[in-house]
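As structure tokens, the structure follows; a few thoughts come after it.
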Amino acid sequence: MVSNDPLSRWAAIRQLFWKRLVHFSRNYRMLVCVIVLPSIFEILAMWFVSQRLEDDFDKTIKLSRELYPRTTQFMSMEIPLNFTRDVYGRLKENCPAGAELTCKEFANSQKSFYWVLKTLNEYQEKRYGGYTFNESKSMVWYNNKGYHSMLAWLNDMNSHMLQVETNNTNYKISAYNEPWELGFQEFSTTSILRQAGDSCLAFILLIAFSMIVAVASVYLVNERVKGEKLQQRLCGVDAVTYWAVAFIWDFMILILGILVCCSVILAFDMPVFTDRQQLWGIIVLGLFFGFACIPGVHVFEKCFNDASVSIVGIFIINVIIPLFTLSTVVLLGVVGDSPIWDEWRHFLNHRLFIIFPQHALADGLLELCKNYMVALTFRRFDIDSYKNPVNSDLLQAHFTSLFIVGVFFLVLNVLLESGLLGDWKEMLMDHLEFLGIQKAKQFDELKVISIQNSLKRNDKNAVSALKVDNLSKKYGGRSHYAVSNVTFAVSHGECFGLLGKNGAGKSTIFKMLSGQLRPTSGRIVYENPEISYCPQTNTLDDLLTVRECIEFYGHLRRITDLPKLVNSILESFQLESYRDVLVKNLSGGNRRKLTVATSCCGRTSVVLMDEPTSDMDPVTRAFVYRTIDDLLAEKRAIVLTSHSISEIDQICHRIAVLKDGQMLTCSSPESLKAQYGGYYNVTVYCDQDKKKALEKEIRRKFPLGKDMQVYAHSIKFSIKIENPSREGDKENGIDLPDNLKIPETDTTTSKLATMNGGHTLSQLFYDLSNLSQQISGCVRYAVNKCKLDAVFERILDKSEPSDLRRGSVYNGIDNNTSAAMGGSPSTGYIHNGYVETET
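Those letters in the sequence shown? Residues 7 to 845, by this note's numbering.
What follows is the structure, encoded as structure tokens:
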């Protein structure tokens, strides 16, 4: 059913691409972020630019008095001639009629001049010209606030003079103001400003690309947090394959986004983006930006544990960085106007800030627009100054910087995923440690080597599925160990349980066993490197169906008969009705069942199960218990942890009790109960007024009682029951000595109770019965045997704090640093279950 050939890289790549394709096709939010939102930004920006007003100052203007409607003009005539009288009469006929808009007439020009000065404030923006005639002299008056007033009134006078001279009113002179275009309309000031506005659209492209790149973090964060990435690695997908698929897929998504943006640009056909090689420059610059920024996202996604926070955070960073850098460059250009400021601005823009991919993209887009506008200006003089964005040196620095940054992030991600940076950090910390600490660590290394030698000498013929030898883990620069000198082995077909309170080191051990953490010292040896791991979280893709999840992990586990596997899991875990249901629509219990099923499929020698029955009801737990029985029947080793002690007692063959990162004891549940158990819980019920007398009598009769708890109507305590010294008659399941006689007096009972250091079960019942007779009133009692929960608590209570110092190497070598060894550096160490070693 399982292929003997290892998982090929091509098969892993095919499955990872298939999973991403199915996920992407069903994730409409991601489609919106990649296609819809960037398109909306582009369309709105292009539409607003296309709907702008035409240039008001660049049109051809007809110079006439019609440019200044509803205004007043003045006229005067001195010593008229026939010609000037006729011209004056025609001008007077064309004066506007109305009370407010009249022509002021004066006898001479002097009076008109003083009238203009006197009524200056009254006729602001209401008087722009006038005429005065004196013999053969004709004069035009104009207001220089009207930019075209002089030419308008002068042309009007000349036109009327022409009509008088020719005696024909059909003749007319028309004057026009024709802007200097030099063959192109875009040379005007307003058109240059319009081109500058077009270059501001580069920021819209930056926003679009930034959003597309930020989307790449969502899938990666979800896979890492949920444990899917770890599951795939345990199935045989190495780091190179995983990140190669991630890079190729994210780069393909970026190409899709670039194509969408280009289609919008082509639809509006704006020359600043589409003329000549401008569009090719945008495409190539976007591709280099993706090559640099996508590996950066792969590195920084490790800083986030929530997908929504990651996409927002990375998007904001991608937008804020270029805004800050470009604002700084612009500010330097405004504040300083000297060669020194220019040198600083050039250094920041093309040397320092260009190491940021976001700035390289934004500045590159601005360079494209500036290159086009400069070339457009010089082309009016028949000079072609346009630089090809791809082949010239226009964007060479940007391309080089983006390529170097991309390679840097690729290498950094490989170092992080391989753990080399962590190893280098630990080596550096070791060299920086103080001399005394380093000496203590040398003793610790001596101890580890000694234990490992004992394992090699005494376990040559033993075959275990998993061996853990003196495993220790210290986080960073902390002075204590999270896990210290933990040693155990798990055989085929054995279920090994780790039991401990929160913070005891169970999760740290599981992380080291699954490869998530590298141990500080010690070693982990698997007979078969292929292992299965069922974590506390559900390692399932929410957008895959139940059948697709089983098939995906079945392919990675090299299972040949996938239909049989699917039917078997669905039937065993009662998931037939959810075959084609998305994981996100399953209940918590069904998700947990599917997680257990997909984690345990395949042919692995060791199965790690971290609280597999969490969030399960009792009925659902039965499926997990049955799965564990099936795994043990297949001779697969299981390492289990659970907060349910009864579950550990029921399933595990051996139990290791942990406290403060150290193993206190390791044995079967029966042995632990025999060694640390034997306690019974006694509850005595009485009236409230008899409580004090009852408490006093209990303390006298049961001096070895522990954990006494006094309530309103009852007293509860624990007492250890000793087995009789030799076999004989059995009373209530306890062996009694032959010479043991049940006493009749309380004094004799006390002597018998201390004969072997404690009570027997018969003595306990006798004393309780005698107690109920001594205390008047209704006295009742109940006796319950302590379960493994109490055994666990007593194991923890018996451990001395001095024996459980975290990081004991910093406090000197302690003989009792681990329950699995004893001895000293001078005599050698004895590992429990092995012979003494020589050092």
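By construction, the Cβ of each residue, glycine as well, lies at the ideal position given by its N, Cα and C atoms. As the structure is a computational prediction, the values presented were derived from the model and not from experiment.
Distance from the Cα of residue 163 is smallest, within the candidate group 507, 149, 629, 96, for 96. Beyond the five residues adjoining it in sequence on each side, residue 627 comes within less than 6 Å, by CB distance, of 619 in the same chain, given in chain order. A distance below 7 Å between beta-carbons, with the five flanking residues on each side excluded, links residue 166 to the following residues of its chain, in chain order: 93, 96, 97. Taking C-beta separations shorter than 7 Å and ignoring five residues to either side along the sequence, the partners of residue 788 in its chain run 689, following chain order. In the structure shown, residue 616 adopts extended strand secondary structure according to DSSP, grouped into three states. Residue 553 is positioned such that its CB atom lies closer than 8 Å to that of residue 585. Counting the other CB atoms within 10 Å of its CB gives residue 217 a total of 16 or more, which places it among the buried residues.
The shortest CA-to-CA distance from residue 66 to any of 714, 614, 183 is the one to 183. Its Cα nearest to that of residue 242, the residue 15 stands out among 140, 15, 38, 180. The beta carbon of residue 83 sits closer than 6 Å to those of 94, 139, all from its chain and outside the five residues before and after it, given in chain order. A residue is called buried once 16 or more other Cβ atoms fall within 10 Å of its Cβ, and residue 159 is buried on that count.
When the beta-carbon positions are compared, residue 344 and residue 224 stay at least 8 Å from each other. Here the alpha carbon of residue 601 sits roughly 15 Å from the alpha carbon of residue 582. Around the CB of residue 724, 16 or more other CB atoms lie within 10 Å, so the residue is classed as buried. The residues 723, 724, in chain order, have a CB closer than 7 Å to that of residue 713 in the same chain once the five nearest residues on each side in sequence are set aside. Shortest Cα-Cα distance from residue 290 to any of 305, 401, 375 involves 401. With fewer than 16 other Cβ atoms inside 10 Å of its own Cβ, residue 803 counts as exposed. Each residue's CA atom was taken as its position, placing residue 656 and residue 719 some 35 Å apart.
Ranked by Cα distance from residue 77, the first of 128, 419, 711 is 128. Under the three-state reduction of DSSP, residue 129 is assigned to coil, being neither helix nor strand. For residue 659, the secondary structure class from DSSP, reduced to helix, strand or coil, is coil.
Minimum Cα-Cα distance from residue 506 among the listed residues 521, 617, 532, 607 corresponds to 617.
Taking a C-beta distance under 8 Å as the contact criterion, residue 644 and residue 501 qualify as a contact pair.
By the CB criterion at 8 Å, residue 332 and residue 368 fall inside the cutoff. Within 10 angstroms of the beta-carbon of residue 509 lie fewer than 16 other beta-carbons, which makes it exposed. Of the candidates 181, 21, 20, 181 places its Cα closest to the Cα of residue 71. A Cβ-Cβ contact shorter than 8 Å links residue 675 with residue 794. DSSP places residue 67 in no alpha helix (DSSP H) but in the uninterrupted beta strand (DSSP E) bounded by 67-69. Counting the other CB atoms within 10 Å of its CB gives residue 154 a total of 16 or more, which places it among the buried residues. Rounded to the nearest angstrom, the gap between the Cα atoms of residue 101 and residue 125 is 20 Å. The DSSP assignment places 697-707 as complete runs of the alpha helix (DSSP H) inside the segment 678-715, in order along the chain (cut-off: 4 residues).
Segment contact: the segment 374-394 against the segment 284-304, three or more CB-CB distances shorter than 8 Å; contact assigned.
About 13 Å separates the CB atoms of residue 528 and residue 472; that is not less than 8 Å, and the two are not in contact. Taking the CA atoms as reference points, residue 348 sits about 38 Å from residue 46. Taking C-beta separations shorter than 6 Å and ignoring five residues to either side along the sequence, the partners of residue 648 in its chain run 617, 654, following chain order.
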